[in-house]
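For the record, the sequence lines run as chains S, U, P, G and F.
Counting from 1, position 226 in the first sequence corresponds to residue 226 in the numbering used here; the numbering is continuous, with no gaps.
Counting from 1, position 176 in the second sequence corresponds to residue 176 in the numbering used here; the numbering is continuous, with no gaps.
Counting from 1, position 17 in the third sequence corresponds to residue 17 in the numbering used here; the numbering is continuous, with no gaps.
Counting from 1, position 76 in the fourth sequence corresponds to residue 76 in the numbering used here; the numbering is continuous, with no gaps.
Counting from 1, position 36 in the fifth sequence corresponds to residue 36 in the numbering used here; the numbering is continuous, with no gaps.
Each residue gets a CB set at the ideal place from its N, CA and C atoms; glycine is no exception.
Given the structure is predicted, the values throughout are model-derived calculations rather than measurements.
Everything below concerns the one structure shown next.
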Amino acid sequence: MLEISKLTKRFGENVAVDAATFFVEQPTMIGIIGRSGAGKSTLLRMLNRLSDATEGTVTFDGEDVTALKGAARRNWQSRCAMIFQQFNLVPRMDVVSNVLHGTLNRRSTLATMFNLYPQADIHKAIEILDRLGIAEQAPKRAEALSGGQQQRVAIARALMQDPKIILADEPIASLDPMNAQVVMQSLRDIHEQDGRMVIANLHTLDTARRYCDRVIGMRDGRIVFDGTPQQLTTGAARDIYGAGADFSEAATSTEIETLDRSKEYV
Amino acid sequence: MLEISKLTKRFGENVAVDAATFFVEQPTMIGIIGRSGAGKSTLLRMLNRLSDATEGTVTFDGEDVTALKGAARRNWQSRCAMIFQQFNLVPRMDVVSNVLHGTLNRRSTLATMFNLYPQADIHKAIEILDRLGIAEQAPKRAEALSGGQQQRVAIARALMQDPKIILADEPIASLDPMNAQVVMQSLRDIHEQDGRMVIANLHTLDTARRYCDRVIGMRDGRIVFDGTPQQLTTGAARDIYGAGADFSEAATSTEIETLDRSKEYV
Amino acid sequence: EEITEFRIGLLGGENAQDRVNAYQCLAEYAEEALGVPVKIFTPADYNGVIQGLLGGSLDMSWLGASSYAATYLQDPEAVEPVLVKVNLDGSIGYHSIGFARKDSGITSLDEMEGKVFGFGDPNSTSGYLIPSIEIPQYKEGITMESGEYFGEVKFTGGHEQTIVAVNNGDIDGGVTWADGQGNWEDGYNSGALRKAVDAGLVDMNELVQIWKSEVIPEGPVVLRKALPADVKAKMTELVDNLYETDQECTYNVFAGENLGARPVTHETYISVIEARKAKIGG
Amino acid sequence: MADVSIGSAPQSVNTIQSEYMAQVQRRRLYSGLTLLIFVVLMVAGFDIADSRNAGGFWDGIANIGAYPGDVLSEAWEKRADLPALIAKYFPALIETINIAAVSTIIGACGGVVLSLLSTRGLAKWPRLIPLFRRISDIMRAVPEIVIALVLIFVLGGGPVPAMIAIAIHTAGALGKLFSEVSENADLKPVEGLASTGASWLQRMLLGVIPQVAPNYVSYALLRFEINIRASAILGFVGAGGIGYELRNAMAWGPGRFDEAAAIFILLFSTIVFFDQVSSRYRNRLTEGQAQ
Amino acid sequence: MTVADVNLTDAKAEADRLFQKKRIFAFSVPAIIAVYFVYIFFAFDILGLSQRANWDNAVTLASDIWSHKVHVTRDNRTGEIDYAVEGERKGAYPDGQRPDWVSGDEIITIDLGPGYVVRYLPENRTEIEIPDVPLIEAQAEGRAVTTNLPDDLPDWISASSRRVTITTPEGRITLTGARTEVFNYFPGWELFWFTLDSPYHGVGFGELLFGDRVDQDRSNLAGAVSDWWNNAMWRHKDVARAIGETILMAFLGTMGAAILALPLAFLAAKRFSPLMLIRAGTRRVFDFVRGVDALIWTVVLARAFGPGPLTGTLAILITDTGTFGKIFSEALENVDGKQIEGVESTGAKPLQRYRFGVIPQVVPVLLAQILYFLESNTRSATIIGAITGGGIGLMLTQAIQTQKDWEEVAYYITLIIVMVMFMDWFSGWLRGKLIGHKE
Ligand SMILES: Nc1ncnc2c1ncn2[C@@H]1O[C@H](COP(=O)(O)OP(=O)(O)OP(=O)(O)O)[C@@H](O)[C@H]1O
Ligand SMILES: Nc1ncnc2c1ncn2[C@@H]1O[C@H](COP(=O)(O)OP(=O)(O)OP(=O)(O)O)[C@@H](O)[C@H]1O
Ligand SMILES: [Mg+2]
Ligand SMILES: [Mg+2]
């Protein structure tokens, strides 16, 4: 399904992603972990084609994604939604409009300029918002929402794209633990109910363990771990985070203990 | 020496300071405590004649300070230096110039317009800065300094005035605990070594206890406590802060515990 | 009373710098005669010169008759006319000429009905004052009010602009000045049309004359009245004898072939002043 | 005290004092020199301007009321005609305002395009940013009168040359101001839109414009104010509108000073009116944003 | 569940309404502008304009800007022949010299280009050779011109008994009784460096620097610079003087206004001027001088000061005093009270309070504004100069209005743009220098 082969990104001297290679056979929920600067964001941005790879290829269902240009590239982006740490919504616009931005690739520029979205799309947007539990916020401006709500709007926008893949770049890093849980659960639900592939960069080990089917660990641009959450031992984590023997998992955790205690890891 | 008698300040309906009366016989270090809005700043501003009293008098060494006008009032201000919570320096001017502002009252307007200060004054300013441990900062702009350093510049400006009294309006409220300690210690040193009267508004009980010889408590514009730090029991503090039985002293403390633990209260 | 400098103001019509250069010779003679620096100023329009004379910041100028009238009407004590240019034939007059494009089919004022008519500068004698009085006398029913007989009446700003505007078709007909001697095809012997032809701006074959005024007296060289008497005397004498001293300089100063200057008095312009007063008021 | 002065004084107070004194001397010298140069420039400049002017400053200053006095006294005498004259010149005023309005709209559109093309992070062709910057610099540098006069030569007199001239200058000026605003715009929404496959135009229209619109409108209003003045001035040199009428009325002199006064009243009140309205509205726009 | 459904339906309906509203807004703004433009289309008579537009003028302009013409003129009375660039005396070839495309003594042959030849024959006769056209012959007699031209003429020939004009791609020929003239067009700004009477004309740059003395009395460099500076055709000296005058107007006007406005701004700022009456009065004065506008000030001041740069300076100064007054007083209202209070608490006198509490705070704002206006006033000074009679603005407008020398116009325009851009750069540089460090 999705094949990433020797994907490399260089910024001048600096190699941000170094020959990353992995293969995903069927829609899976994948967590990518690694410390700051490991190249997680860069990898996702290349998948979405927000930035161009220096070398290597991304192939999806036999199509070479890295080679796409212009309209074809934008079309790929519409099939491969992205969620950002800072939500990246248009703050001064209302929530529904933000969700409807997910359809931009399908609609003509002129029509979108005059807000001429088909009614069906508008209704669908509301339904998606409802599914994420924020339908009442629909007419409000995005900037008026809390962080967790904004991230759910971003997810709604992603869903509106009806994508094959959802990429999420640290979707919960700016959120408090309570909201983080809601957002991760939404992504998990989308994966399970709609059968979409979800690839999420995560700062925290425990979140990865709890919500993902497969975890990829990156360090200094290279993939140094690829396996199930169960295989992700403290030793493996030490390798990924390049920490010494004093490494404690808690150092990468942001979850409130009370939330943790009452749940089991997936 | 300093006698304050029925000093009152009204802002329209609102009585900010209500017939404050106390007497200071000799240079003492006095802390004024009370919660926000109690009238501490207003009291100090009337002492410095930055604002006029509605009623009552301030008498210093037999001179009625409240009645002074024009040049006489400014002369009083020069003898009664003031330090502010926000330092109130001129940020775009260098440190020494800021300190030299303490001499403005003594120098001719024309000379100061062109920044022409006598060399002796400049040397003295640097000596004062040295005493406060920031002589190397002398040529920098005030805005380039850290908060604690800026407050010490403000103290230097006050010392430059060679005042009988130093008024300090929450001198450490904008500072981190480390800097707060340095600044309070400087004030204490000035009091002890130069024998100047220091009156400081303080937000925090423990600081007042530790550095002051006498504490005055204000509540709703009235003086409700006047005694030694020893007399300032938790019960007295509850009265001052108008708190219930759940009052905990820590609520008004800003000091880092580690600093506290190693020292004794004065 | 002494003067520290002598200031000459020039009316528009040419490049500012060309005008200054043309008067440079006069400035040099004047400097010699008066013993003070002489400066030349080129205000942007007629009114600039008039204001300068009224305000006392200009001492001398060669005005048009109407500009002199304007100055006189605002302050009779401001300036006095001293000399007037003499044409090659000895006359001291010229004409206001109405003209149009040949291909517009207009040959006289009769065809101008409903068309766009252009004046030059409001302070110009031939470009505004005289035609605005004489054209309505051409026949019953002509007025100079915009939208009555003519479709629109405009001010182009000056003689050159009028010629260009007619040639471009911006306006259907306009008025400008010429001596009325010589050939139409050459733009007459002197005047704004001739200059335009010389400059290659217009081809007279493409224009037709549609109207011609009575003789208009040439404008006077004026001096500020408040000047010391000896200065006035010296300058008058200087310009009066310029033709004998330096013919080339006279050519430059009076913009074309001429026979020099001769004395003139206020009386010559009374009729123009009355006309202006009647036309504009004040 | 010891703990206070930690980290102080490898340098002795004396060296600090002498170094600071040296700095003070230097600064006094520089400020003294700057002041001196400025004063010399001002005095000499004034002197040159004064000597190159026909009338001297000191002679003229006494006369300063003469012209307005003439105008006002005549206008006062004929004050009964003023309302009629104001009505007569109102259409010319409308033309002036129209020139300003159209050129502001066109110029603002041009400015938006120029700014989006020349802002780092937004530009469609990042390599061409310097080119578009230079273009807007040049458009800004050309005085309106230059373009207007050239266009009058080709197009004939009237409002259109003035409109084009002002629009060109406006586009350049607003292009620069706008790009300063959009430089500070938040790029996150733009990236968000990019990730959905939105085209450049969609990213700009939906991601950037909503953010910067209040500032853009505020600058455009300011520009409108300026353009009213500009269009009046251009009228003065031949581009129609109220400026043309004012020039003629003033040139005619006595007898028509009542017209000059009427036009003056119209122009003055228009400028003041739009100035007040726009500054009020601008304050509201920028305040609303700060909240 | 049903409750949720109802909510969802409500939410959808609300979203529909919201979008309806947004659409109406999105359509109405462009619609209003479109309607306004339609109105303008008729009010400005755009249709009529496109008919009236004179594209020949545009062509003249475009070609004249980058080219020059050389006149070969025969005075039919004297038979003398003049060669002059642009037909101006200043551009005349010195006696005994002539362009190399002119030859012959008895019969002057003017070779305009391939196939286009004009011959001045004795007795005021002229022959014109044009490819694919029979030889044109003309004879000037007294005031008339007789030719062998047929009656129906192509549109590039205009002829009457008094005047004939022939326009060809290679040049233009006019014939009248008095004169016969040929204009030959060449690219470039001829005589930009030296006029023909200068010994340095046509001397190469390298030769000027390192070659032998061209003129025995002067060193090459000094002589060349002086001849260039005094070039009568392009008048570099006068142009430089005019530009200097324009910048002077801008500089004096801006700085003078700033100096006047600063103290007045204190009177107009709430913080510093407790008396409502004075405050309101000062503000009205600001509004008034600003509202009157530099244009009207220019005209008003012309009576008192006459034409010249001072009048322009004062017009800028007066208007900007109003503008600066407003900006400055706003800046003063926004000053941070803490600094003033800090200085005040030391017993500083009022003037000292302003000096140390206020000035350091507002100086950056004021400087930035002043320098910004310096640039924009350079442009204003160009325009105001055109009205008061001073500076490069007057030279430009008059060059345009007399419509001859478009290359001169192009030269002035280039200089004006360079001047404004220079002032822009300069004020930006100064801003960085002054606000970048110290108070
Ligand atoms: N636009 C850029 N230009 C230059 N270097 C970049 C750029 N973007 C990223 N890098 C570098 O590439 C490396 C990988 O960055 P990346 O943002 O992918 O890391 P990350 O794993 O997402 O880290 P974080 O957890 O902090 O987001 C870093 O060293 C970073 O400095
Ligand atoms: N300029 C003023 N105008 C009106 N009311 C004022 C003014 N200054 C102070 N007050 C009021 O006077 C009362 C006392 O204020 P003051 O600033 O002296 O309190 P404080 O004890 O210093 O409080 P804080 O700890 O917040 O500084 C408050 O109710 C305040 O609102
Ligand atoms: Mg990242
Ligand atoms: Mg307080």
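Q) Around the C-beta of Glu-181(F), are 16 or more other C-beta atoms found within 10 angstroms, so that it is buried, or is it exposed? A) Here residue 181(F) refers to the residue found at position 181 when the fifth sequence is read from its first residue. Answer is buried; the Cβ neighbour count reaches 16.
Q. Under 8 Å between C-beta atoms, does Asp-50(G) make it to chain F?
A. The residue you call residue 50(G) lines up with position 50 of the fourth sequence. Chain F contact via Cβ: present.
**Q.** Any non-hydrogen atom of ligand 2 within 7 Å of Lys-40(U) CB
**A.** As a working note, residue 40(U) is residue 40 in the second sequence. True, at least one ligand heavy atom lies under 7 Å from that Cβ.
(Q) Is Trp-252(G) close to chain A? Criterion is C-beta to C-beta, closer than 8 Å. (A) Looking for chain A here will not work: the only protein chains present are S, U, P, G and F.
Q) Of all the residues that make up the segment 10-27 of chain F, which are near chain S by a beta-carbon distance shorter than 8 Å? A) Ala-11, Lys-12, Glu-14, Ala-15, Asp-16, Leu-18, Phe-19, Lys-22, Arg-23, Ala-26, Phe-27
Q: Spell out whether any CB of chain G is found under 8 Å from the CB atom of Gln-77(S).
A: Numbered from 1 along the first sequence, position 77 holds the residue referred to as residue 77(S). Chain G, which has a Cβ nearer than 8 Å to the Cβ of Gln-77(S), makes this yes.
Q) Ala-144(U): which of Asn-115(U), Leu-89(U), Leu-167(U), Arg-209(U) sits nearest, CA to CA? A) Position 144 of the second sequence, counted from the first residue, corresponds to residue 144(U). For the residues Asn-115(U), Leu-89(U), Leu-167(U), Arg-209(U), the minimum Cα distance to Ala-144(U) belongs to Leu-89(U).
**Q.** Selection from Thr-28(U), Ile-134(U), Arg-10(U) that minimises the alpha carbon distance to Thr-228(U)
**A.** Indexing the second sequence from 1 puts residue 228(U) at position 228. Here the closest residue by C-alpha is Thr-28(U).
Q. CB of Phe-11(U) to nearest heavy atom of ligand 6: below 7 Å?
A. As far as ligands go, the structure on display features ligand 1, ligand 2, ligand 3 and ligand 4 and does not contain ligand 6.
**Q.** Under 7 Å from the C-beta of Asn-248(G): neighbouring residues of chain P
**A.** In the fourth sequence, counting from the first residue as 1, residue 248(G) sits at position 248. The answer, in chain order, is Pro-122, Phe-155.
Q: Could you check the C-alpha separation between Glu-257(S) and Ser-186(U) for me, to the nearest Å?
A: Here residue 257(S) refers to the residue found at position 257 when the first sequence is read from its first residue. Here residue 186(U) refers to the residue found at position 186 when the second sequence is read from its first residue. The predicted position of Glu-257(S) is uncertain, since its pLDDT is 39 and thus under 50; a value taken from the coordinates is nonetheless stated next. Approximately 44 Å between the Cα atoms of the pair.
**Q.** Three-state secondary structure (DSSP) of Val-266(S)
**A.** As a first step, residue 266(S) must be located in the first sequence, where it is residue number 266. Reliability of the predicted coordinates at Val-266(S) is poor, the pLDDT of 34 falling under 50, and the value obtained from them is presented with this limitation in mind. Here Val-266(S) sits in coil by DSSP.
Q: Kindly examine ligand 2 and report whether one of its heavy atoms sits closer than 7 Å to the Cβ of Ser-36(U).
A: Counting from 1 along the second sequence, the entry for residue 36(U) is found at position 36. Yes.
Q: State yes or no: is the C-beta of Gly-48(P) within less than 8 Å of the C-beta of Ala-302(F)?
A: Position 48 of the third sequence holds residue 48(P). Position 302 of the fifth sequence holds residue 302(F). The answer is yes: Cβ separation under 8 Å.
Q: Examine chain U for any beta-carbon lying closer than 8 Å to the beta-carbon of Gln-25(G), and answer yes or no.
A: Position 25 of the fourth sequence, counting from 1, holds the residue named residue 25(G). Chain U, which has no Cβ nearer than 8 Å to the Cβ of Gln-25(G), makes this no.
Q: Quick one: measure Cβ to Cβ for Cys-80(S) and Ile-165(S), integer angstroms, because I've assumed they're closer than 8 Å.
A: The sequence position of residue 80(S) within the first sequence is 80, counting from 1. The sequence position of residue 165(S) within the first sequence is 165, counting from 1. About 5 Å; that satisfies the 8 Å criterion.
Q. Is DSSP giving Trp-425(F) helix, strand or coil here?
A. As a first step, residue 425(F) is located in the fifth sequence; it is residue number 425 there, counting from the start. If DSSP states are grouped into helix, strand and coil, Trp-425(F) belongs with the helices.
Q) DSSP three-state call for Ile-435(F): helix, strand or coil? A) Here residue 435(F) refers to the residue found at position 435 of the fifth sequence. DSSP places Ile-435(F) in helix when its eight states are reduced to three.
Q. Going straight from the alpha carbon of Thr-206(P) to that of Met-233(F), what length do you get?
A. Counted from its first residue, the third sequence places residue 206(P) at position 206. Counted from its first residue, the fifth sequence places residue 233(F) at position 233. According to the sequence shown, residue 206(P) is Glu rather than Thr. Using only the alpha carbons, I get a separation of about 31 Å.
Q. Which ranges does the alpha helix (DSSP H) cover as unbroken runs of at least 4 residues, wholly within the segment 192-243 of chain U, from first to last along the chain?
A. 205-211, 234-241
Q. Is the beta carbon of Gly-31(U) less than 8 Å from the beta carbon of Ala-208(U)?
A. Along the second sequence, read from residue 1 onward, the residue named residue 31(U) stands at position 31. Along the second sequence, read from residue 1 onward, the residue named residue 208(U) stands at position 208. Going by C-beta atoms, Gly-31(U) is nearer than 8 Å to Ala-208(U).
(Q) Counting C-beta neighbours from all protein chains within 10 Å, is the total for Gly-102(U) 16 or more, i.e. buried, or is it exposed? (A) Taking the second sequence and counting its residues from 1, the one referred to as residue 102(U) is at position 102. Counting Cβ neighbours within 10 Å, Gly-102(U) comes out buried, since at least 16 surround it.
Q) Between the segment 284-303 of chain F and the segment 316-325 of chain F, do three or more beta carbon pairs fall short of 8 Å? A) yes
Q. Cα-Cα, which of Gly-70(S), Ala-38(S), Tyr-241(S) is closest to Asp-169(S)?
A. Here residue 169(S) refers to the residue found at position 169 when the first sequence is read from its first residue. Among Gly-70(S), Ala-38(S), Tyr-241(S), the Cα nearest to that of Asp-169(S) is on Ala-38(S).
Q: Drop a sphere of 10 angstroms on the beta-carbon of Ala-22(P), count the other beta-carbons inside from all chains shown, and report buried for 16 or more, exposed for fewer.
A: Here residue 22(P) is taken as the residue at index 22 of the third sequence, counted from 1. Buried is the call here.
Q | Test: Gly-69(G) CB closer than 8 Å to a CB of chain P | A | By one-based count along the fourth sequence, residue 69(G) stands at place 69. Cβ-Cβ to chain P under 8 Å: no for Gly-69(G).
**Q.** Contact set between Met-42(G) and chain F, taken where Cβ atoms lie within less than 9 Å
**A.** Start at 1 with the first residue of the fourth sequence, and residue 42(G) comes out as number 42. Correct list: Phe-251, Leu-252, Met-255, Gly-256, Ile-259.
Q: Look at the alpha carbon of Thr-34(G) and the alpha carbon of Phe-274(G), and state the distance between them as a whole number of angstroms.
A: What you label residue 34(G) is simply residue 34 of the fourth sequence in a count that begins at 1. What you label residue 274(G) is simply residue 274 of the fourth sequence in a count that begins at 1. Their Cα atoms are separated by approximately 39 Å.
(Q) Just list the residues that DSSP pairs Gly-209(P) with in beta bridges. (A) Within the third sequence, numbered from 1, the residue matching residue 209(P) stands at position 209. Residue identity check: residue 209(P) is Gln in the sequence provided, not Gly. Gln-209(P) pairs with Phe-99(P).
Q. Do you know how far the Cα of Pro-163(U) is from the Cα of Leu-332(F)?
A. Taking the first residue of the fifth sequence as 1, we reach residue 332(F) at position 332. Taking the first residue of the second sequence as 1, we reach residue 163(U) at position 163. Whole-angstrom Cα-Cα distance: 31 Å.
Q | CA nearest to the CA of Arg-214(S), picked from Gln-193(S), Gly-235(S), Arg-222(S), Arg-188(S) | A | The residue given as residue 214(S) occupies position 214 in the first sequence. That would be Arg-188(S), whose Cα lies nearest to the Cα of Arg-214(S).
Q: For Ala-232(G), name the three-state secondary structure that DSSP assigns.
A: By 1-based counting over the fourth sequence, the position of residue 232(G) is 232. It is helical.
Q.
Here's the rule: buried if 16 or more other CB atoms are within 10 angstroms of the residue's CB, otherwise exposed. What is Ile-32(F)?
A. Walking along the fifth sequence from the start, residue 32(F) turns up at place 32. So Ile-32(F) ends up on the exposed side.
Q. Of the choices Met-42(G), Thr-96(G), Arg-52(G), whose alpha-carbon is the least far from that of Ala-43(F)?
A. As a working note, residue 43(F) is residue 43 in the fifth sequence. Nearest C-alpha to Ala-43(F): Thr-96(G).
Q.
Quick check: Leu-267(U) and Ala-20(U), are their CB atoms within less than 8 Å of each other?
A. Summary: the structure shown does not reach residue 267(U), with chain U confined to residues 1 through 266, and so no result is reported for it.
Q | Alpha-carbon to alpha-carbon, Ile-40(P) and Val-20(P) | A | In the third sequence, the residue the question calls residue 20(P) occupies position 20. In the third sequence, the residue the question calls residue 40(P) occupies position 40. Near 6 Å, if we compare the C-alpha coordinates of Ile-40(P) and Val-20(P).
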